[in-house]
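Asker: Protein chains in written order, with this note's numbering: chain P, 1 to 99; chain R, 1001 to 1130.
#1: Is it the case that the segment 1065-1082 of chain R contacts the segment 26-46 of chain P, given that we only count it when at least three CB pairs across the two stretches are under 8 Å?
#2: Along chain P, which residues have their Cβ under 9 Å away from the Cβ of residue 1095 of chain R?
#3: List the whole-angstrom C-beta distance separating residue 60 of chain P from residue 78 of chain P, where the pair is believed to meet the contact cut-off of C-beta under 8 Å.
#4: Is there a Cβ of chain R sitting closer than 9 Å to that of residue 72 of chain P, yes or no?
#5: Assign residue 958 of chain R to buried or exposed, taking buried as 16 or more other Cβ atoms, counted over all protein chains shown, within 10 Å of its Cβ.
#6: Mark residue 73 of chain P as exposed unless 16 or more other C-beta atoms lie within 10 angstroms of its C-beta, in which case mark it buried.
#7: Secondary structure at residue 46 of chain P, three-state DSSP: helix, strand or coil?
#8: Do you know whose CA, among R/1028, R/1086 and R/1015, lies nearest residue 1042 of chain R's CA?
#9: If you reduce the DSSP assignment to three classes, tell me which class residue 59 of chain P lands in.
#10: Mind checking whether residue 1128 of chain R and residue 1114 of chain R have CB atoms under 9 Å apart?
#11: Applying the criterion that 16 or more other CB atoms from any shown protein chain within 10 Å of the CB defines a buried residue, is residue 1101 of chain R buried or exposed?
#12: According to DSSP, is residue 1006 of chain R helix, strand or coil?
So, in structure tokens, the structure goes:
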């Protein structure tokens, strides 16, 4: 189940896309492409960005919603919980602290 | 050589004329009947009455709709207009009920925003650094 998630997160460009969607929810493909080009100097084709978004969607990290004639992308961090649940942080009231 | 005229395909010329003049603030330059119902309809900026004309062209060709709808779905603007202050214009147009698909965004020295012209196109406004 988590393979898609780790594959999606492994790519630095996809992590930047997630950062940008975290900074503003509901972006068109055009806005995402503009942000990558202008803010991150990433000259990726529109098709390339589309493919990255498809990988992120498959992993459940991005939701694409149609609204009338437009299509907006939003970040969904819910799947990241699987990572935290798989490797939970050590319990602060663990065995060392209990007598 | 200079750019004298450029065009957008519009669903309805009367509706387009209203939006481009009453909402955006352009002025009519030419309005000439062509054929049965179509018009040669151009607008210009009041700041440059002899500048580039924008033709509000009827959506006659079936391929034009396919092309335009595909661009809109991905949020790609068809034309860019220069404004003094994108944020002020964004607030003004939103107050008039204009739908934006991209809020004002600083991208390096340029600030841009994208709105729906209600006639089938997305338009970008931009403020260039002085």
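Glycine included, every Cβ here is placed at the ideal spot set by N, Cα and C.
Answerer: Inspection of the coordinates gives the following:
#1: yes
#2: Indexing the second chain from 1 puts residue 1095 of chain R at position 95. Near residue 1095 of chain R there are no residues of chain P at all, since even the closest Cβ is about 21 Å away, more than 9 Å.
#3: Taking the first chain and counting its residues from 1, the one referred to as residue 60 of chain P is at position 60. Taking the first chain and counting its residues from 1, the one referred to as residue 78 of chain P is at position 78. That pair is a contact at about 7 Å.
#4: As a working note, residue 72 of chain P is residue 72 in the first chain. Yes, residue 72 of chain P counts as interfacial toward chain R.
#5: It is not possible to answer for residue 958 of chain R, since the shown part of chain R is limited to 1001 through 1130.
#6: The residue given as residue 73 of chain P occupies position 73 in the first chain. Residue 73 of chain P comes out buried.
#7: Residue 46 of chain P sits at position 46 when you count from the first residue of the first chain. Helix.
#8: For the purposes of this step, residue 1042 of chain R is taken as the residue at position 42 of the second chain. For residue 1042 of chain R, the nearest C-alpha among the options comes from R/1028.
#9: Stepping through the first chain from its first residue, residue 59 of chain P is reached at position 59. Looking at residue 59 of chain P - three-state DSSP - the assignment turns out to be coil, as it is neither helix nor strand.
#10: Counting from 1 along the second chain, the entry for residue 1128 of chain R is found at position 128. Counting from 1 along the second chain, the entry for residue 1114 of chain R is found at position 114. Their beta carbons are not under 9 Å apart, which means residue 1128 of chain R does not touch residue 1114 of chain R by this criterion.
#11: Taking the second chain and counting its residues from 1, the one referred to as residue 1101 of chain R is at position 101. Classification for residue 1101 of chain R: buried.
#12: Here residue 1006 of chain R refers to the residue found at position 6 when the second chain is read from its first residue. Residue 1006 of chain R falls in the strand class under three-state DSSP.
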